[in-house]
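Numbering (this note's numbering), first residue to last: 5 to 70.
Next up, the structure:
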């Protein structure tokens with residue numbers, strides 16, 4: 005399943021990936037408008053999630069050698 009996804013994502017350009025990021029950003033705004041209590045979490049927990057979810061892509065793109 006993931007192999008086919010990896011093959012399909014190779015067809016995406018930088019513009020396509022940027023558009024995906026923007027759509028996720030605006031979807032997040034909609035979710036926060038619907039559920040404003042999500043913003044009541046403490047910021048250290050949100051920063052921890054950001055670091056945890058961003059660690060693997062950051063490592064694969066910038067640090068890992070082929």
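Glycine included, every Cβ here is placed at the ideal spot set by N, Cα and C.
Asked                                                                                                                                                                                       : Found
Rounded to the nearest angstrom, what separates residue 64 and residue 57 at their Cα positions?                                                                                            : 13 Å
Give every residue of the same chain whose Cβ lies closer than 8 Å to the Cβ of residue 36, excluding the five residues on either side of it in the sequence, and list them in chain order. : 42 and 43
CA-CA distance, residue 11 and residue 17?                                                                                                                                                  : 13 Å
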